[in-house]
Every structure is written in structure tokens, then in C-alpha cells.
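Read through the structure below, which is laid out as C-alpha cells, and then see the notes.
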DNA sequence: TTTTTTAATTAGAATATTCTAATTAATTTT
DNA sequence: AAAATTAATTAGAATATTCTAATTAAAAAA
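Protein chains in written order, with my numbering: chain A, 4 to 141; chain B, 4 to 141.
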């Protein structure tokens with residue numbers, strides 16, 4: 004197999020494991036995998052309305068309404084009626100819901116610390132340069 | 004924020020996106036998120052028995068029995084009675100189930116190709132060296 | 001301004017996911 | 001060998017997840 008691809012596979016696995024252990028650190032155990040998926044999508048979409056969320060997740064609007072009601076009940080999400088269109092409800096994460104981002108940050112911080120402990124300053128500089136070049140491509 | 008941590012966050016997001024688009028390429032749409040999670044865990048655990056899978060996933064054995072029965076029905080998984088302990092059933096992915104790995108491979112291959120298109124040979128060599136050093140630490 | 005469309009919700013049903021309690025069958029301990 | 005333990009399953013119930021169809025309310029089109 005392509006060596007680079009193999010390296011990526013190992014790194015990818017490590018990231019997934021760190022994310023999973025971060026999930027345990029934070030109190031997201033009370034949520035199902037599906038509910039986590041709703042939170043992740045709301046987070047990525049930046050306050051979508053219900054129709055946008057349903058479209059993005061490939062589900063019907065009634066399904067999303069019901070699922071969101073549960074997340075509102077659990078205080079991870081709240082709705083805000085749009086001013087431009089009073090029919091539309093925008094979805095926001097509560098402070099509790101925003102812990103999702105702190106959870107991700109924690110996983111990334113752990114990986115960063117591991118790298119810092121493995122590399123010397125020059126190596127870190129080179130690694131950062133290369134990865135930045137990659138991320139800023141196009 | 005720590006620059007390295009930020010780079011990791013962006014890279015992590017890219018990997019997640021590539022994995023998600025790979026999932027669409029392969030025919031894993033007929034599975035729920037939860038069912039995918041079962042397959043992923045069986046894959047990681049390398050043919051666990053039912054008790055091991057239940058323990059790893061933090062679920063009860065009856066729950067896992069029922070869930071696995073559905074995945075067997077859909078032909079993603081099969082059971083093999085252990086020779087050492089005839090009570091124990093080891094779980095294996097079928098060929099169809101193993102597409103899961105090809106799906107991951109596909110995502111990793113896409114990322115590798117993107118990197119190859121961004122970096123020249125020297126940069127690739129350095130990047131691979133650094134990441135290998137990281138992965139072989141400890 | 002009446003009609004049509006659109007965003008969200010409610011109602012009700014089907015399937016999925018999980019649990020506890022009880023059962024079956026094989027292994028281990030006494 | 002009998003008793004206790006263990007792996008898996010079955011039965012039955014509770015909750016979660018999703019759908020279609022119908023409803024409400026607001027916006028857009030005629």
C-alpha cells in the first residue's frame with residue numbers, strides 16, 4: 004500500500020480515538036450517537052433553520068422537529084424565531100451544547116501536546132509549515 | 004489559541020469530511036449511524052465475542068444480540084462458534100461488511116492524493132519522516 | 001386581496017435501540 | 001458428580017428515531 008496513505012490511516016485512527024476519549028471526559032454520555040450527530044451538524048451549519056438541518060442530514064422536517072424538541076428538553080439547543088421570516092426557527096447551541104466544541108478542542112490539544120513532546124523546535128516548525136501549506140492550498 | 008492545535012483542528016475536520024463523503028460513495032446508506040458504530044467496533048476489536056463487544060460499547064449483552072441479529076440479516080456480519088469455548092460466538096465481518104475498510108482506505112487515499120498534489124518530493128519525504136517519527140514514538 | 005407556496009408543527013404509526021428478567025447450554029469450581 | 005458461574009439468547013417493555021398525512025401560520029405570487 005502507498006506509504007503516505009498508511010501513515011494517514013494511522014494518524015486518522017489516532018484522531019478518532021482522541022475524539023472518543025474526549026467525549027467520555029465531557030458529559031456527553033447522556034446523549035445517543037444520533038443526538039450527538041444532530042449537535043455536530045447544527046454546530047457545523049452555524050445556526051441553521053429546521054429545513055436546512057433536515058436537508059443537510061437527509062431527514063424529513065417532522066423527524067427533525069421531534070429530535071430537536073428532545074435536545075431542547077435536555078437543554079443542549081434552543082430555537083430563535085427569524086426576523087426576516089417569522090415562520091423560520093433558527094437553531095442554536097446552549098452553553099451546555101457548546102461544550103461540544105470544548106470537547107473537540109480538548110482532543111486537538113491532546114494531540115498537539117503529544118506532538119510537542121515528540122518533536123524538537125525545528126521539527127515542529129517544519130511540520131507546522133508543511134501542514135499550513137497543505138491547508139492553505141488552492 | 005495554540006497554532007499547532009489549530010492546524011490539527013483543521014486537519015481533523017478535513018479527515019472527518021473525507022470519511023463522510025467516502026461513506027456516501029459506498030453503499031452504507033442503508034445502515035443507521037448506530038449500525039455503522041457496531042461495524043466499526045467489530046472491525047477494531049478483530050472478531051470480538053458478544054460479551055467483549057457489549058463491554059467495549061458499554062451496552063448490555065441482550066442489546067448487542069438483537070442489534071447483531073439485524074446486521075446478520077443484512078449480511079454485514081456472521082457468527083462463528085469458538086472452539087475453545089463452545090458458548091462463545093465470535094463476530095466477523097462478511098465481504099459486504101469489509102467494504103467498511105475499503106471505505107476508510109478510500110478516504111485516506113483521497114487525502115494522500117491531495118497531499119501529493121500539494122507537496123514536492125522533498126516536502127513529502129520530510130512530512131512522511133516526521134509523521135512516522137510521531138507514530139513510532141514511545 | 002385571494003391564492004399558492006413555504007416553514008414548522010402535530011398526530012399517529014412503524015421500526016430501531018435499549019433495558020431487565022428469565023432461559024438455555026457450556027464451563028469451572030467445589 | 002453436583003453446584004455455581006458464564007456466554008448467549010429469548011421475551012417483553014420502554015424509549016428513540018423515523019416516516020406520511022394533516023394542520024397552522026407566515027410569506028410570496030397571481
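Each residue gets a CB set at the ideal place from its N, CA and C atoms; glycine is no exception. Small disclaimer: the values here were computed from a predicted structure and weren't measured.
Beta-carbon contacts of residue i that lie in its chain and below 8 angstroms, excluding the five residues immediately before and after
i: residue 54 of chain A; result: 64, 91
i: residue 127 of chain B; result: 118, 119
i: residue 28 of chain B; result: 106, 109
i: residue 42 of chain B; result: 34, 74, 79, 80, 96, 100, 103
Nearest neighbour of residue i, chosen from the options [CA to CA]
i: residue 77 of chain B; options: B/119, B/39, B/58; result: B/39
i: residue 100 of chain B; options: B/33, B/87, B/133, B/131; result: B/33
i: residue 139 of chain B; options: A/129, A/136, A/140, A/122; result: A/122
i: residue 113 of chain A; options: A/10, A/19, A/11; result: A/19
i: residue 26 of chain B; options: B/14, B/111, B/48; result: B/111
Element boundaries [alpha helix (DSSP H), containing residue i]
i: residue 109 of chain B; result: 98-121
i: residue 82 of chain A; result: Element bounds for residue 82 of chain A: not the alpha helix (DSSP H) but the beta strand (DSSP E), 80-84.
i: residue 46 of chain B; result: 36-48
i: residue 140 of chain A; result: No alpha helix (DSSP H) holds residue 140 of chain A; DSSP gives it neither H nor E.
i: residue 76 of chain A; result: 64-76
Cutoff 7 angstroms; reference residue i; Cβ partners in own chain excluding five residues on either side
i: residue 50 of chain A; result: 93, 94, 95
Rounded C-alpha distance that separates residue i from residue j
i: residue 70 of chain A; j: residue 59 of chain A; result: 15 angstroms
i: residue 9 of chain B; j: residue 6 of chain A; result: 26 angstroms
i: residue 89 of chain B; j: residue 17 of chain A; result: 35 angstroms
i: residue 74 of chain B; j: residue 80 of chain B; result: 6 angstroms
i: residue 133 of chain A; j: residue 85 of chain B; result: 49 angstroms
i: residue 12 of chain B; j: residue 87 of chain B; result: 45 angstroms
i: residue 15 of chain A; j: residue 141 of chain B; result: 18 angstroms
i: residue 24 of chain A; j: residue 125 of chain B; result: 35 angstroms
i: residue 223 of chain A; j: residue 98 of chain B; result: Here chain A has residues from 4 to 141 only, and residue 223 of chain A is not among them.
Cβ separation of residue i and residue j, assumed to be a contact under 8 angstroms, to the nearest whole Å
i: residue 56 of chain A; j: residue 37 of chain A; result: Rounded, the Cβ-Cβ distance is 13 angstroms, inconsistent with contact.
i: residue 103 of chain A; j: residue 46 of chain A; result: 6 angstroms
i: residue 129 of chain A; j: residue 129 of chain B; result: 6 angstroms
Cβ-heavy atom distance, residue i to the ligand GDP, below 6 angstroms
i: residue 71 of chain A; result: By its list of ligands, the structure shown contains no ligand whatsoever, and the ligand GDP lies outside what it can speak to.
Other residues of its chain near residue i: CB distance less than 6 angstroms, five sequence neighbours each side excluded
i: residue 22 of chain B; result: 110
i: residue 67 of chain B; result: 53, 56, 57
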